[in-house]
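In the working numbering, the protein residues as written are 61 to 206. In this text, a Cβ means the ideal position worked out from N, Cα and C, and glycines have one as well.
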Ligand code: TYC
């Protein structure tokens with residue numbers, strides 16, 4: 061099972077155990093899609109209403125949007141450096157890192173990994189910073205999964 065989904069289900073259980081009332085609030089995701097956020101709130105009411113249970117079911121079925129971290133080709137970054145990046149930041153083994161690096165080298169870009177928004181952004185920034193520190197032009201970007 062997807063780890064974010066596990067997280068949501070465990071959220072659901074903790075809400076079930078601890079909360080008497082549940083309130084919804086709308087907010088905007090990084091790409092301005094409307095989402096529903098469930099907030100913990102006041103006590104006093106012993107039983108969950110049907111609407112509370114609907115909200116819990118909604119939590120369980122929501123999947124977070126996913127984002128690809130792309131690695132871009134250039135003419136100067138050494139192949140070994142790209143393989144090291146793929147193994148270190150994206151936990152690929154030698155075979156997979158070598159294959160992704162060669163795909164990027166031949167096709168111009170490739171997917172290093174797929175994550176939720178903050179993790180994807182963080183990894184991409186870490187790669188760009190690491191390449192810059194080593195004076196290589198290697199660049200990474202983030203793109204929402206189709
Ligand atoms: N094209 C680079 C070279 O020939 C290798 C390379 C591969 C660079 C992938 C960046 O994302 C990259 N040295």
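With 16 as the cutoff for other CB atoms within 10 Å, does residue i come out buried or exposed?
i: residue 206; result: exposed
i: residue 193; result: exposed
i: residue 189; result: exposed
i: residue 160; result: buried
i: residue 151; result: exposed
i: residue 110; result: exposed
i: residue 112; result: buried
So residue i is in the alpha helix (DSSP H); what residue range does that whole segment cover?
i: residue 146; result: 139-150
i: residue 182; result: 177-193
i: residue 158; result: 154-167
Going by beta-carbon coordinates alone, are residue i and residue j separated by less than 8 Å?
i: residue 198; j: residue 143; result: no
i: residue 200; j: residue 129; result: yes
i: residue 125; j: residue 204; result: yes
i: residue 133; j: residue 156; result: no
i: residue 175; j: residue 183; result: yes
Of the residues the options, which one's Cα is nearest the Cα of residue i?
i: residue 123; options: 141, 189, 184, 177; result: 177
i: residue 196; options: 136, 160, 107; result: 136
i: residue 149; options: 166, 171, 165, 167; result: 171
i: residue 202; options: 191, 147, 127; result: 127
i: residue 158; options: 110, 167, 140, 183; result: 140
i: residue 209; options: 108, 131, 111; result: Residue coverage of the chain in this structure runs from 61 to 206, which leaves residue 209 outside it and unanswerable.
Within the continuous beta strand (DSSP E) that includes residue i, where are the two ends?
i: residue 127; result: 127-132
i: residue 109; result: Premise fails: residue 109 is in no beta strand (DSSP E) and is neither H nor E.
i: residue 123; result: Run containing residue 123: none; DSSP gives neither H nor E here.
i: residue 204; result: 199-204
- prompt: Quick one, what's near ligand 1 if you take every residue whose CB is closer than 7 Å to any heavy atom, in chain order?
  reply: 131, 132, 133, 134, 135, 136, 137, 138, 139, 142, 161, 164, 165, 198
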